[in-house]
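Have a look at the structure below before the remarks.
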Amino acid sequence: MKSTSQSVPTATSDTLEAGARLSFGRRIGLWLENEAVLGYVLMVPALLLIVVFIAYPFSLGVWMSLTDKLVGTPGKFVGLANFAKLLRSEIFYQAAWNTVVFTIAATVIKGVFGMWLAILLNRKFRLARFTRATVLLPFIVPTVLSGLAWLWMFDATFSVFNWTLKWMWQMEISVFGMALKENWGYFRGPLWLGSPALAMFSIILVNAWRGLPFFAITLLAGLQTVPPELYDAGDIDGTNEFQKFWHITLPLIKPIAVVVTVFSFVVTFSDFQVVYILTRGGPHNSTHLLATLAYQLGMTSGNLGEGAAAALFMFPILGLVILWQLFYLRREGSD
Numbered sequence: 039m040k041s042t043s044q045s046v047p048t049a050t051s052d053t054l055e056a057g058a059r060l061s062f063g064r065r066i067g068l069w070l071e072n073e074a075v076l077g078y079v080l081m082v083p084a085l086l087l088i089v090v091f092i093a094y095p096f097s098l099g100v101w102m103s104l105t106d107k108l109v110g111t112p113g114k115f116v117g118l119a120n121f122a123k124l125l126r127s128e129i130f131y132q133a134a135w136n137t138v139v140f141t142i143a144a145t146v147i148k149g150v151f152g153m154w155l156a157i158l159l160n161r162k163f164r165l166a167r168f169t170r171a172t173v174l175l176p177f178i179v180p181t182v183l184s185g186l187a188w189l190w191m192f193d194a195t196f197s198v199f200n201w202t203l204k205w206m207w208q209m210e211i212s213v214f215g216m217a218l219k220e221n222w223g224y225f226r227g228p229l230w231l232g233s234p235a236l237a238m239f240s241i242i243l244v245n246a247w248r249g250l251p252f253f254a255i256t257l258l259a260g261l262q263t264v265p266p267e268l269y270d271a272g273d274i275d276g277t278n279e280f281q282k283f284w285h286i287t288l289p290l291i292k293p294i295a296v297v298v299t300v301f302s303f304v305v306t307f308s309d310f311q312v313v314y315i316l317t318r319g320g321p322h323n324s325t326h327l328l329a330t331l332a333y334q335l336g337m338t339s340g341n342l343g344e345g346a347a348a349a350l351f352m353f354p355i356l357g358l359v360i361l362w363q364l365f366y367l368r369r370e371g372s373d
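Following this line, the structure appears as structure tokens:
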């Protein structure tokens, strides 16, 4: 009796690999169905950007501030010697004071006039949308381009401000007679970027002009969330416009105003482009900020260690401001 053998199908290597791939893909799908795992996966691109463009440059700056690194040399570890040298420099203290004055003055101007402009834009009038879009022009124009335009406007010879003041002076002479000219002489336009006080005023003006639209549009968005019924109730109670603003508008948009102000404070405190284009820190270091001083030490002079140390002096102040903002918003949210 012959025995017949049955052939049993065996899995080939291709079939096993396909099964493994399906099994691996299935495991990936199960992982991604978990919201916690999916959240971390979606955070990976943002985390890579933060590490590459923020964490690594910041760590490198901290390391260079602790060395005597020059351009083209590796540098040796010197500890806090760069910080101690800056603290013995009069220019550093002047730059720090200029930064405080520049930041506070520009932020206050942007806050006050930004609120005023937002209230005006919140009203209903013809071409309101076009006007709101036009207000954004100073903010969206490249800083270098607008800075060069302001540099021409502040020019000692061809300044549009000086020409306007000269024209007004000539009009005054024609009205009041030559006696005014004999007593006061000919008109001499101010040196906007050649005088320390006027140079500081000029950079504050340009920074405020550039940042004003951001304040106005952001506060306008906050104003449009205020219920109109509250203003109607205020009219019934006989409140005036200032009382409605102080007791209704301001408390409701206060969180937005705080965020915008802190953001503007941080950006203004570290501003570099406006000052570098207009004055480069002059005249006589009267408009040097910490940012421009760090650039001059690190890039112009080639002392990367001192430049990094000057830039790092801004970090504790900005860190405290941001922590205060987070604490304030968390307290407001808990209330």
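If you want our numbering, it's the position in the sequence shown, counting the first as 1, plus 38. Glycine residues also receive a C-beta, built at the ideal position from the N, C-alpha and C atoms.
| Item | Value |
| --- | --- |
| Among Gly-260, Phe-239 and Arg-164, nearest to Thr-317 - alpha-carbon criterion | Phe-239 |
| Contacting residues, own chain, Cβ-Cβ under 7 Å from Glu-220 (five flanking each side not counted) | At Glu-220, the pLDDT of 48 sits below 50, so the modelled position is not reliable; the number obtained from the coordinates is stated separately. Nothing listed; no residue qualifies. |
| Of the listed residues Ile-315, Phe-253, Phe-130 and Leu-350, nearest to Leu-183 (C-alpha basis) | Ile-315 |
| Distance between Ala-259 and Gly-425 (C-alpha atoms, nearest Å) | No answer is possible for residue 425: it lies beyond the span of the chain, which begins at 39 and ends at 373. |
| Any 3 or more C-beta pairs closer than 8 Å across the segment 344 to 353 and the segment 321 to 336 | yes |
| Between the CA atoms of Val-179 and Leu-158 - distance to the nearest angstrom | 23 Å |
| Environment of Ile-88 [buried if 16+ CB atoms lie within 10 Å] | exposed |
| Reduced DSSP secondary structure (H/G/I, E/B, other) of Phe-196 | coil |
| Under 8 Å between C-beta atoms of Arg-248 and Thr-181 | yes |
| Of the residues Phe-168, Phe-115 and Gln-311, the one placed nearest Leu-104, counting alpha carbons only | Phe-115 |
| Backbone CA spacing between Val-305 and Pro-289 [nearest angstrom] | 25 Å |
| Beta-bridge pairing of Thr-105 - partner residues as DSSP gives them | Phe-115 |
| With 16 other Cβ atoms within 10 Å as the buried cut-off, status of Thr-9 | Absent from the structure is residue 9, since the part of the chain shown begins at 39 and ends at 373. |
| Cβ-Cβ distance between Val-296 and Gln-363 below 8 Å | yes |
| Boundaries (first-last residue) of the alpha helix (DSSP H) holding Gly-152 | 128 to 159 |
| Three-way DSSP call (helix, strand, coil) for Asn-323 in this model | coil |
| Cβ shell of Leu-86 (< 6 Å), same chain only, five flanking positions each side left out | none |
| Status (buried if at least 16 other CB within 10 Å, exposed otherwise) for Leu-358 | exposed |
| DSSP-derived helix/strand/coil call for Asn-341 | strand |
| Range covered by the alpha helix (DSSP H) that runs through Thr-306 | 288 to 307 |
| Cβ-based burial, Ala-49 [other Cβ within 10 Å; buried from 16] | Residue placement at Ala-49 is flagged as unreliable, the pLDDT there being 49, under the threshold of 50; the coordinate-derived value follows with that caveat. Counting Cβ neighbours within 10 Å, Ala-49 comes out exposed, since fewer than 16 surround it. |
| Candidates Tyr-94, Ile-129, Phe-252 and Gly-99: closest to Arg-170 by CA position | Phe-252 |
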